[in-house]
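Peer 1:
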Amino acid sequence: MELLTVEDLAQLLKVSPRAIYELSRNRSQVRGKHPLPAIRIHKKMLRFRRSDIEQWLNKCADAGRVQ
75 MELLTVEDLA QLLKVSPRAI YELSRNRSQV RGKHPLPAIR IHKKMLRFRR SDIEQWLNKC
135 ADAGRVQ
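For the sequence shown, my numbering gives the first residue as 75, with consecutive numbering after it.
1) How is Leu110 classed by DSSP in three states: helix, strand or coil?
2) Name the DSSP bridge partner or partners of Met119?
3) Which residue's Cα is closest to the Cα of Leu110: Met75, Leu83, Trp130?
4) Using alpha carbons as the reference points, say which of Lys117, Gly138, Arg121, Cys134 lies closest to Ile94.
5) Note the first and the last residue of the continuous alpha helix (DSSP H) segment covering Val80.
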C-alpha cells in the first residue's frame with residue numbers, strides 16, 4: 075500500500091497543495107458527490123492511498139461523461 079502526502083498528491087494531480095487541503099476539508103467532503111478519500115492522522119496530517127485516489131479519479135471521470 076502506497077501512501078501519498080499532500081504534496082505528493084498535488085504533484086500527481088498537477089494542482090496546488092492548497093487545492094488538496096480544500097478538497098479534503100470536512101465541509102467539502104460532506105457537500106461533494108465524490109469526496110476525496112483522505113486518511114487523517116492527528117488533526118492536520120493527511121495521507122492518501124494511491125489505490126483510493128485512482129478509484130476516485132475513475133468515479134469522477136465516469137460522472138463527467140455524457141451518455
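Cβ atoms here follow ideal geometry from the backbone N, Cα and C, with glycine treated the same way.
Peer 2: On the basis of the data shown:
1) coil
2) Ile115
3) Trp130
4) Arg121
5) 80-87
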